[in-house]
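K.L.:
Submitted below is the structure of interest, expressed as structure tokens.
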Amino acid sequence: MTIKFLDLAAQDQEIEARLTPELASIREKTAYVGGASIAAFEKEFADYLGVRHVVGVSSGTDALRLTMLAMGIGPGDEVVTVPMTFIATVAAIVQTGARPAFVDIDPDTCNMSIPALLQFLDEARRSGRRIRAILPVHLYGLPAHMVELREIATKYGIKLIEDACQAHGAKINIEGRWVRAGALGDAACFSFYPGKNLGAWGDAGAIATNDDALARTVANLGDHGRISHYAHSAFGYNSRMDTVQAAVLRAKLERLDEWNEKRRRVAAHYRELLGRSGLRLPLEPEGFESSYHLFVVRTPKRDALRTAMLADQIQCGIHYPVPVHLQPACRDQGYRAGDFPVSESVADSVLSLPMHPHLRPQEVHRVATVVKGALAEL
Ligand SMILES: Cc1ncc(COP(=O)(O)O)c(C=O)c1O
């Protein structure tokens, strides 16, 4: 029997009764763009995150792009991010006209390295470069070092934008209080791609912020720069969230904490079974709660292990095999192999094990048995 990497059908079964009447109402009203479901989702997700505003958009990539555009970031500017991410983080920067400035990751958390960032910002300041924002990624669901990042952003007078596309429901403890990813920066960007912890039935995304003006500008830019039905203050984009997606997200949001708790149980089970396997298991530092979007192990024998798992019908993934600075799309940005050694070595050794809320204990057991058996023979 195949062990699935994720199981969207199981999620749909759980929300069916809750979702069906709302979909019927959208259909009855033929209200396919805008409408009550969008406003309700934006309010419910803002309350969930503990922020003043959520603006629904059409994807995580557009959430990032619109946020930076609304902050006035563009040609001549630079935005600091990490090369160990999905390409969209960087694509969004490039699409504003700004340059992506990479700093390496921390080898333990795989998130933006604070010493590397400080070194980069000091050098950049001396050479008069226009660094406008820091864009950390909460990779695999583990929040980046946001307390330090906040201090640094404030010190340098630049914006802090969370790429929270993998971190729905993740938290950091700040002075005894748990704060969710999404409420930690000047703005945060979420993807609701179907496989995310909170996933739509297609593409969708959102921006979360406490900044009233930023929320207004993002909403305006994402809706053709519209200020009233026939008046437009800017040449904007068509980046609205679909009404049907908002209905799906409302139903799934009610389950998010429960599903994340189940992911945490799967992660704990993996840790118990694989603790002495020789694999490097994901770190969850004290005061951090990962959303466990992915459970990513590291081994120099990654490729052989992956082949063995696939032969045993266990689906697994690699997030990501090529850091963004080495992607062909990045060839004009002036980076080369060796520039970010930690990201490069992490990319060579990561393997994502099956991880979803409906993974059964016996399936986790089988994954661990196959992994340990394969490692013993490699
Ligand atoms: C870290 C990260 N950033 C950005 C994105 C882009 O989101 P979307 O696919 O919704 O455009 C994703 C989603 O895949 C992601 O994982």
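Using my numbering, the letters of the sequence shown correspond one by one to residues 696 to 1073.
From the three backbone atoms N, C-alpha and C, an ideal C-beta is built for every residue, glycine too.
(1) Quick one: grab the DSSP three-state call for asparagine 918.
(2) Just to confirm my understanding: we take aspartate 881, look at its own chain, exclude 5 residues before and 5 after, and list those with CB closer than 6 angstroms. What are they?
(3) Does the segment 971-981 come into contact with the segment 725-734, if we say contact requires no fewer than three beta-carbon pairs (one atom in each stretch) closer than 8 angstroms?
(4) Quick check: the Cα distance between alanine 1071 and serine 986, rounded to an integer number of angstroms?
(5) Exposed or buried, glutamate 949, counting other C-beta atoms within 10 Å across all chains shown (16 or more means buried)?
(6) My output table needs one value for leucine 766: the three-state DSSP class, helix, strand or coil.
(7) Between alanine 783 and ligand 1, is the CB less than 8 angstroms from at least one heavy atom?
(8) Which residues does DSSP pair with leucine 855 in a beta bridge?
(9) Cα-Cα, which of Met779, Gly755, Gln814 and Ala946 is closest to aspartate 1043?
(10) Report the CB separation of alanine 660 from valine 750 in whole angstroms; it is logged as a contact under 8 angstroms.
(11) Work out the CA separation of leucine 813 and histidine 833 for me, nearest whole Å.
(12) Is the beta carbon of glutamine 861 within less than 8 angstroms of some heavy atom of ligand 1?
(13) What are the partner residues of arginine 993, as DSSP defines its beta bridges?
(14) Expressed to the nearest angstrom, what Euclidean distance is found between the alpha-carbon atoms of phenylalanine 885 and leucine 1000?
(15) So, is threonine 849 buried or exposed, given that buried needs 16 or more other C-beta atoms within 10 angstroms?
(16) Which partner residues does valine 774 have in the DSSP bridge list?
(17) In its own chain, which residues sit with a C-beta less than 7 angstroms from the C-beta of leucine 1021, not counting the 5 before and 5 after it?
(18) With hydrogens ignored, establish whether the beta-carbon of cysteine 1011 is closer than 8 angstroms to any heavy atom of ligand 1.
(19) Under the criterion of a Cβ to heavy atom distance below 8 angstroms, does alanine 1042 qualify as lining ligand 1?
(20) Can you round the beta-carbon distance between serine 934 and valine 752 to whole angstroms, since I take them to be within the 8 angstroms contact cut?
(21) Can you grab the Cα-Cα spacing for the pair valine 789 / proline 795, in whole Å?
(22) In whole angstroms, what separates the C-alpha of glycine 917 from that of valine 785?
(23) Whole angstroms are fine: how far does the CA of alanine 787 sit from the CA of leucine 759?
(24) Quick one: does alanine 1042 have its CB under 9 angstroms from some CB of chain B?
(25) Just the C-alpha distance for serine 972 and leucine 989, rounded to the nearest angstrom, thanks.
(26) May I ask you to check if the CB of tyrosine 888 is nearer than 8 angstroms to at least one heavy atom of ligand 1?
(27) Evaluate the contact criterion for the segment 1013-1027 versus the segment 1041-1060: three or more CB pairs, one atom per stretch, below 8 angstroms.
(28) Does the count of Cβ pairs from the segment 870-877 and the segment 951-963 closer than 8 angstroms reach three?
(29) Start and end of the alpha helix (DSSP H) containing histidine 748?
(30) Whether or not the segment 888-907 and the segment 715-724 are in contact is what I'm after, with contact meaning three or more pairs of Cβ atoms, one per stretch, closer than 8 angstroms; do they touch?
(31) Take the Cβ of methionine 1050 as the centre, count every other Cβ of all protein chains shown within 10 Å, and call the residue buried at 16 or more, exposed below.
(32) Hey, quick one: how far does the beta strand (DSSP E) through valine 874 stretch, first residue to last?
(33) Roughly how many angstroms lie between the CA atoms of isoleucine 698 and glutamine 1010, to the nearest whole one?
(34) On the CB-based measure, 16 or more other CB atoms within 10 Å of its CB, does serine 808 come out buried or exposed?
(35) Compute every distance between the C-beta of glycine 917 and the non-hydrogen atoms of ligand 1, then say whether any falls below 8 angstroms.
P.N.:
In this structure, then:
(1) Counting from 1 along the sequence shown, the entry for residue 918 is found at position 223. The residue you asked about is not asparagine; residue 918 is aspartate in the sequence shown. Strand, per DSSP.
(2) One-based indexing of the sequence shown puts residue 881 at position 186. Lys854 and Leu855.
(3) no
(4) In the sequence shown, counting from the first residue as 1, residue 1071 sits at position 376. In the sequence shown, counting from the first residue as 1, residue 986 sits at position 291. Approximately 30 angstroms between the Cα atoms of the pair.
(5) In the sequence shown, residue 949 corresponds to position 254, counting from 1. Exposed, since its Cβ has fewer than 16 Cβ neighbours within 10 Å.
(6) In the sequence shown, residue 766 corresponds to position 71, counting from 1. Rather than leucine, the amino acid found at residue 766 in this sequence is methionine. Here methionine 766 sits in coil by DSSP.
(7) The residue you call residue 783 lines up with position 88 of the sequence shown. Yes, ligand 1 has a heavy atom inside 8 angstroms of this Cβ.
(8) Indexing the sequence shown from 1 puts residue 855 at position 160. Partner(s): Ile829.
(9) Here residue 1043 is taken as the residue at index 348 of the sequence shown, counted from 1. Checked all of Met779, Gly755, Gln814 and Ala946; the closest Cα to aspartate 1043 is Met779.
(10) Here the chain covers residues 696 to 1073 and nothing more, so residue 660 does not appear.
(11) Within the sequence shown, the letter at position 138 stands for residue 833. Within the sequence shown, the letter at position 118 stands for residue 813. One alpha carbon belongs to histidine 833, the other to leucine 813, and they sit about 19 angstroms apart.
(12) Looking up residue 861 in the sequence shown gives position 166. Glutamine 861: yes, Cβ under 8 angstroms from ligand 1.
(13) On the sequence shown, residue 993 is found 298 positions in, with the first residue counted as 1. Listed as beta-bridge partners of arginine 993 by DSSP are Arg975 and Val1045.
(14) Translated into the one-based positions of the sequence shown, residue 885 becomes position 190. Translated into the one-based positions of the sequence shown, residue 1000 becomes position 305. Rounded to whole angstroms, phenylalanine 885 to leucine 1000 spans 32 angstroms at the Cα level.
(15) Within the sequence shown, the letter at position 154 stands for residue 849. When all chains shown are included, threonine 849 counts as exposed.
(16) What you label residue 774 is simply residue 79 of the sequence shown in a count that begins at 1. As DSSP reads the structure, valine 774 sits in a beta bridge with Pro795 and Ala828.
(17) Numbered from 1 along the sequence shown, position 326 holds the residue referred to as residue 1021. Cβ neighbours of leucine 1021 beyond the five flanking positions: Ala1032.
(18) By 1-based counting over the sequence shown, the position of residue 1011 is 316. No; taking the cut-off as 8 angstroms, the Cβ of cysteine 1011 has no heavy atom of ligand 1 nearer than that.
(19) Here the question's residue 1042 lines up with position 347 in the sequence shown. Alanine 1042: no, Cβ never under 8 angstroms from ligand 1.
(20) Within the sequence shown, the letter at position 239 stands for residue 934. Within the sequence shown, the letter at position 57 stands for residue 752. Going by Cβ atoms, the distance from serine 934 to valine 752 rounds to 5 angstroms, so yes, they are a contact pair.
(21) Taking the sequence shown and counting its residues from 1, one reaches residue 789 at position 94. Taking the sequence shown and counting its residues from 1, one reaches residue 795 at position 100. Approximately 7 angstroms, taken between the alpha carbons.
(22) In the sequence shown, the residue the question calls residue 917 occupies position 222. In the sequence shown, the residue the question calls residue 785 occupies position 90. Looking at the backbone, the Cα of glycine 917 and that of valine 785 are separated by about 19 angstroms.
(23) Counting from 1 along the sequence shown, the entry for residue 759 is found at position 64. Counting from 1 along the sequence shown, the entry for residue 787 is found at position 92. Rounded to whole angstroms, leucine 759 to alanine 787 spans 6 angstroms at the Cα level.
(24) The structure shown has no chain B; it contains just one protein chain.
(25) As a working note, residue 972 is residue 277 in the sequence shown. As a working note, residue 989 is residue 294 in the sequence shown. Spanning the two alpha carbons is a distance of roughly 19 angstroms.
(26) Within the sequence shown, residue 888 is the residue found at index 193, counting from 1. Answer for tyrosine 888: yes, Cβ within range of ligand 1.
(27) Yes: at least three Cβ pairs fall under 8 angstroms.
(28) no
(29) Here residue 748 refers to the residue found at position 53 when the sequence shown is read from its first residue. Where histidine 748 is concerned, there is no enclosing alpha helix (DSSP H), although the beta strand (DSSP E) it sits in stretches over 748-752.
(30) no
(31) Mapped onto the sequence shown, residue 1050 falls at position 355. Looking at its Cβ environment, which holds 16 or more other Cβ atoms inside 10 Å, methionine 1050 is buried.
(32) Locating residue 874 in the sequence shown gives position 179, where the first residue counts as 1. Run containing valine 874: 872-875, per the beta strand (DSSP E) assignment.
(33) As a working mapping, residue 698 is identified with position 3 in the sequence shown. As a working mapping, residue 1010 is identified with position 315 in the sequence shown. For isoleucine 698 and glutamine 1010, the distance between alpha carbons rounds to 6 angstroms.
(34) Sequence index remark: in the sequence shown, residue 808 carries index 113 (1-based). Looking at its Cβ environment, which holds 16 or more other Cβ atoms inside 10 Å, serine 808 is buried.
(35) On the sequence shown, residue 917 is found 222 positions in, with the first residue counted as 1. Result no, Cβ not under 8 angstroms from ligand 1.
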